[in-house]
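What follows is the structure, given as C-alpha cells:
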C-alpha cells in the first residue's frame, strides 16, 4: 500500500488505495482543532501534520470555527453588587504593596554613644563602678538606646496598621450590604455625609459618602442615580476651594444603585466638598459639566 | 440641604477649561496596564467585563463561580499584560481565550471537590438576553455558530458543547456519558463536520 495523498475536495475511494493512517488522522482533525483529542491522538495528529502538511488546509476551517465559538456565549451584564465586588477585588489585588522593609523610624536617626560625662552619670545611675573601663560602660547605654528605638518603631508601625485596618474596613463595606455601611458609620471612626441634588441633578436621590479624614480612600454609595447613556459616566470629585481632584468613575446599574471606592492623593480630610458630574465614558481630567450632586466633607 | 455657598463653590469648578480626553484604543489601554495603571485595568473591566462574565457563565453555569472566574481573568490580564501581541489578534479574543481556559480549569477543580453555591443559571430570569452587538463580525460569527449548534442532532450538540465549553477529551466524555469511546469520537466528528458545513453555507448566504 502506498502513501497516496487525497485531494481535499473529494476523491473517489474506488479508484485509489487509501492510507488508513491518513484517514484516521483526517477523522481526528475536527476534534484536534477543538482540543478534544486524547494525548495519544494528539501526538499522532501532530506527527501526521508534519508528514502530510496539506492536512493543515483541512484543519484551518475547524480552527476558524473554534475561534468563532469563543464568541458564541451570550454577553451577560454582571449583576450590580457582583460588579462592585469584582472591581474592589481587582483594585485590592493590584494595589501597590506596602513597604515591608525595616524602614528607619522617622525623626530618630541613630545617636552616637553618649559623651564621657554623660556616660559616667548614666553608669553611676545604674550602680556601676567608676573603675569599669569606658568601653564596657557603653553596653547598657546601647541597650537602653535599642529599647527606645524599639518602642518608637512599634508606635510608628502600630499607627500604620491602624490606618490599614480602617482602610480595610472601608473596603469590606464596599462589598457588603447597606446595613453594614450604617454599622460602619456608627463606629465613630469614620464620618458620613449625604450628597444633595443640585439644580442640575434631576432624579438624584440617596447618595452617601463615608470617609475617614486621615485615610486616602472613601466609599460612595448611591441608591437612586439615573442610569446614563453608554457614552457617559458619573465622575466623582474631591474639591478644595475651587480645585477639583478626580476620585473615580461611578457606573450605576439599571436600578440606579452603585458603589465606588474613592481614591485620593492625600487624606480626604484635606478636602471641603465631594461632588459628582456627568462626563464622557472614559472620564475627564477636569469637570466638563455642572455638578448634579454635592456634599460637604465636614467631620 | 446644600447652602448657597457650597453650591456656588461646586458650580465654580465646572467652569474651568475643558480638556478633551481621547478614547483609548485597546493597544494604548494595554500599554497603561503594563505600566501598572489601575485606572486602565478598571476601564478594561468596564469595557469587557460583561462578555467575559457571559462566557464564564456559559461554561460553569453558576453565578458565584462566574464571578470568581471573571476576577481571575482580569487578574491574569494584569499579570500577563505584556504577553498580548496586538499583531496576533484582537484583545477581546485573547481575553475570552483566557476566560475559557480559566473557567474550564475551575470547572475541573469543582468536579474533584464539588461545593457549588450561588444561583443556578436556570433560576435567574432574563439573565441570558444577549446585548446588542450588531455590526461586529466576530460576535456575529459566534452567535451564528451558537444558533447552528441547535440544528445538530441532540447527541452531537451535547458532545460538541462538552468538548468546547468544558474542555473535555474523548475519554472524559465517554466516562461522563457512560458511552463507548468509539461512539463519542464518532458523535464529535460528525457533529463538527456538520457544524462546519452549516457554517460555510451560512457564510455563502451572507455574501
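Residue numbers (the working numbering), protein chains in the order written: chain A, 45 to 343; chain B, -18 to 188. Ideal Cβ positions, reconstructed from N, Cα and C, are used throughout, including at glycine. Every value quoted in this text rests on a predicted model; they were computed, and no experiment measured them.
Within-8 Å CB hit, residue i to chain E
i, result
"residue 129 of chain A", "As a matter of chain content, chain E is missing from the structure shown, whose protein chains are A and B."
8 Å Cβ cutoff, residue i in contact with chain B
i, result
"residue 384 of chain A", "An answer regarding residue 384 of chain A cannot be provided, because it is not within the stretch 45 to 343 covered by chain A."
"residue 147 of chain A", "With a pLDDT of 45 at residue 147 of chain A, under the threshold of 50, the modelled position of that residue is not reliable, and no figure is offered here."
"residue 271 of chain A", "no"
"residue 71 of chain A", "yes"
"residue 299 of chain A", "no"
"residue 221 of chain A", "With a pLDDT of 43 at residue 221 of chain A, under the threshold of 50, the modelled position of that residue is not reliable, and the figure given next carries that caveat. No, residue 221 of chain A does not count as interfacial toward chain B."
"residue 79 of chain A", "yes"
"residue 313 of chain A", "no"
"residue 326 of chain A", "yes"
Residue i vs residue j beta-carbon contact at 8 Å
i, j, result
"residue 193 of chain A", "residue 338 of chain A", "no"
"residue 10 of chain A", "residue 274 of chain A", "Because chain A here runs from 45 to 343, residue 10 of chain A falls outside it and cannot be looked at."
"residue 335 of chain A", "residue 321 of chain A", "yes"
"residue 264 of chain A", "residue 280 of chain A", "yes"
"residue 293 of chain A", "residue 262 of chain A", "no"
"residue 165 of chain B", "residue 154 of chain B", "yes"
"residue 109 of chain A", "residue 160 of chain B", "no"
Within-8 Å CB hit, residue i to chain A
i, result
"residue 184 of chain B", "no"
"residue 46 of chain B", "no"
"residue 16 of chain B", "no"
"residue 31 of chain B", "yes"
"residue 103 of chain B", "In this prediction, residue 103 of chain B scores a pLDDT of 40, lower than 50, which makes its location untrustworthy; the coordinate-derived value is nonetheless stated afterwards. Chain A, which has no Cβ nearer than 8 Å to the Cβ of residue 103 of chain B, makes this no."
"residue 134 of chain B", "no"
"residue 35 of chain B", "yes"
"residue 115 of chain B", "A caution first: residue 115 of chain B carries a pLDDT of 34, below 50, which makes its placement in the model too unreliable to give a value."
"residue 65 of chain B", "no"
"residue 87 of chain B", "no"
"residue 120 of chain B", "yes"
Cα-Cα separation between residue i and residue j, rounded to whole angstroms
i, j, result
"residue 284 of chain A", "residue 316 of chain A", "5 Å"
"residue 328 of chain A", "residue 276 of chain A", "11 Å"
"residue 25 of chain B", "residue 268 of chain A", "26 Å"
"residue 271 of chain A", "residue 35 of chain B", "22 Å"
"residue 45 of chain B", "residue 197 of chain A", "43 Å"
"residue 52 of chain B", "residue 190 of chain A", "46 Å"
"residue 12 of chain A", "residue 187 of chain A", "Examination of residue 12 of chain A is not possible in this model, given that chain A is present from 45 through 343 alone."
"residue 56 of chain B", "residue 21 of chain B", "13 Å"
"residue 136 of chain B", "residue 88 of chain B", "22 Å"
"residue 9 of chain B", "residue 131 of chain A", "21 Å"
"residue 79 of chain B", "residue 291 of chain A", "31 Å"
"residue 92 of chain A", "residue 163 of chain B", "21 Å"
"residue 158 of chain A", "residue 309 of chain A", "In this prediction, residue 158 of chain A scores a pLDDT of 46, lower than 50, which makes its location untrustworthy; the coordinate-derived value is nonetheless stated afterwards. Each residue's alpha carbon lies about 42 Å from the other."
"residue 15 of chain B", "residue 60 of chain B", "8 Å"
"residue 138 of chain B", "residue 113 of chain A", "13 Å"
"residue 37 of chain B", "residue 202 of chain A", "42 Å"
"residue 31 of chain B", "residue 130 of chain B", "23 Å"
"residue 266 of chain B", "residue 297 of chain A", "Limits of chain B in this structure are -18 at one end and 188 at the other, which puts residue 266 of chain B out of reach."
"residue 123 of chain B", "residue 96 of chain A", "30 Å"
"residue 232 of chain A", "residue 72 of chain B", "Any reading at residue 232 of chain A must be qualified, since the residue scores a pLDDT of 49, below 50, and its modelled position is unreliable; no value is offered."
According to DSSP, residues forming a beta bridge with residue i
i, result
"residue 279 of chain A", "A:293 and A:321"
"residue 287 of chain A", "A:284"
"residue 252 of chain A", "A:238 and A:265"
"residue 306 of chain A", "A:262"
"residue 6 of chain B", "Paired residue(s): none; residue 6 of chain B is not in a bridge."
Anything in the region 96 to 123 of chain A with a Cβ closer than 8 Å to a Cβ of chain B? List those residues in chain order, please. Residues passing the 8 Å Cβ filter: 105, 106, 109, 110, 111, 112, 113, 114, 115, 116, 117, 118, 119, 120, 121, 122 and 123.
Determine which residues of the region 55 to 83 of chain B have a Cβ less than 7 Å from any Cβ of chain A, and write them out in chain order. Here the close residues are 55, 56, 59, 74, 77, 78 and 81.
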